[in-house]
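My numbering numbers the first residue of the sequence shown as 3 and each following residue consecutively. From the three backbone atoms N, C-alpha and C, an ideal C-beta is built for every residue, glycine too.
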Amino acid sequence: MALTLAHDPRLFSIVTIAEAGMRPPAWESRLRWPETGDAHIALEMNRPRRQSVWATQLDDAVMQADRAVLFVAEGVGCFAASWWARLSPSHYVSKVAGALLLDPVQPPHEADKRQMFASPAVALPFPSLVLTGDDRDALHDPALDAHIDAWGSRLLAGGRQRSIDQAGDPRAWHSAQRLVRRISRAVIANDIRRARALRGEGG
Numbered sequence: 003m004a005l006t007l008a009h010d011p012r013l014f015s016i017v018t019i020a021e022a023g024m025r026p027p028a029w030e031s032r033l034r035w036p037e038t039g040d041a042h043i044a045l046e047m048n049r050p051r052r053q054s055v056w057a058t059q060l061d062d063a064v065m066q067a068d069r070a071v072l073f074v075a076e077g078v079g080c081f082a083a084s085w086w087a088r089l090s091p092s093h094y095v096s097k098v099a100g101a102l103l104l105d106p107v108q109p110p111h112e113a114d115k116r117q118m119f120a121s122p123a124v125a126l127p128f129p130s131l132v133l134t135g136d137d138r139d140a141l142h143d144p145a146l147d148a149h150i151d152a153w154g155s156r157l158l159a160g161g162r163q164r165s166i167d168q169a170g171d172p173r174a175w176h177s178a179q180r181l182v183r184r185i186s187r188a189v190i191a192n193d194i195r196r197a198r199a200l201r202g203e204g205g
């Protein structure tokens with residue numbers, strides 16, 4: 003079932019990425035989004051040397067999408083998404099409009115899993131937003147800051163997030179929607195440019 007985005011879900015194909023067996027995913031427990039998107043990549047971290055398999059699965063999910071792709075990733079899935087984005091051909095990556103990256107350095111003792119997706123420290127070729135949980139220690143983790151800087155991401159931290167079913171200001175949801183709206187505008191602007199180019203129009 004596709005994630006239900008308040009803006010316009012028809013603009014995006016949602017690809018969710020997380021370690022296999024992670025239940026419930028953070029996007030479901032905190033944001034009340036469905037468990038999987040239009041496509042889901044389950045990373046079986048207990049099986050060695052599977053990176054090429056996961057890369058192929060991501061390739062297929064992106065290239066088979068009939069709309070611009072939005073990645074929604076959790077934990078080590080954030081590093082799988084960034085690894086794929088940094089190392090894949092541009093004609094694959096150009097189909098990805100943005101990414102929501104939840105709890106990238108949690109749990110902290112699993113750095114070895116994240117290291118499996120080591121990649122050049124260059125900014126992601128699409129906008130991204132990092133959402134963290136309520137662990138205050140995690141918010142002061144230098145590793146988190148380093149990854150956010152390397153990805154060129156923005157951070158929305160723990161206590162300001164509430165699920166959309168609760169009272170108060172659901173900052174995580176609003177921030178996600180702002181990112182989606184920004185991505186939507188980029189998609190629309192790109193479609194307009196392509197249409198003009200096909201008609202031979204300048205500007």
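If you look at residue 42, you'll find it in the beta strand (DSSP E) that goes 41-45. Secondary structure note for residue 157: its beta strand (DSSP E) is the uninterrupted segment 156-158. For residue 133, the beta-bridge partners assigned by DSSP are 104 and 158. By alpha-carbon distance to residue 183, the top candidate from 62, 70 and 25 is 70. Between residue 47 and residue 115, the gap from beta carbon to beta carbon is short of 9 Å. A contact between stretches requires three or more CB pairs, one per stretch, nearer than 8 Å, and the stretch 39-46 fails this requirement with the stretch 89-109. In chain order, 76, 104 and 105 place their CB closer than 6 Å to the CB of residue 28, counting only its own chain and leaving out the 5 sequence neighbours on each side. Spatial neighbours of residue 63 in its own chain (CB-CB distance under 7 Å, excluding positions within 5 residues in sequence) are listed in chain order as 17, 41 and 43.
Counting every other CB atom within 10 Å of its CB across the protein chains shown gives residue 194 a total below 16, marking it as exposed. Taken through DSSP and simplified to helix, strand or coil, residue 31 comes out as helix. Contact between the stretch 126-134 and the stretch 146-156 is present: three or more C-beta pairs spanning the two stretches fall below 8 Å. The shortest CA-to-CA distance from residue 84 to any of 112, 65, 66 and 53 is the one to 53. DSSP places residue 152 within a helical segment (H, G or I) once states are collapsed to three. In the assembly as shown, residue 187 is an exposed residue. Its beta-carbon has fewer than 16 other beta-carbons within 10 Å. One Cα belongs to residue 82, the other to residue 19, and the distance between them is close to 8 Å. Taking a contact as a CB-CB distance under 8 Å, the pair residue 74 and residue 112 does not count as one, their CB atoms being some 20 Å apart.
With respect to the 9 Å criterion, residue 61 and residue 15 are not classified as neighbours on the basis of their beta carbons. Within the model, the alpha-carbon separation for residue 198 versus residue 72 is close to 25 Å.
Boundaries of the beta strand (DSSP E) harbouring residue 75: 70-76, taken from the DSSP string. Check the Cα spacing between residue 124 and each of 30, 150, 108 and 202: the tightest is with 150.
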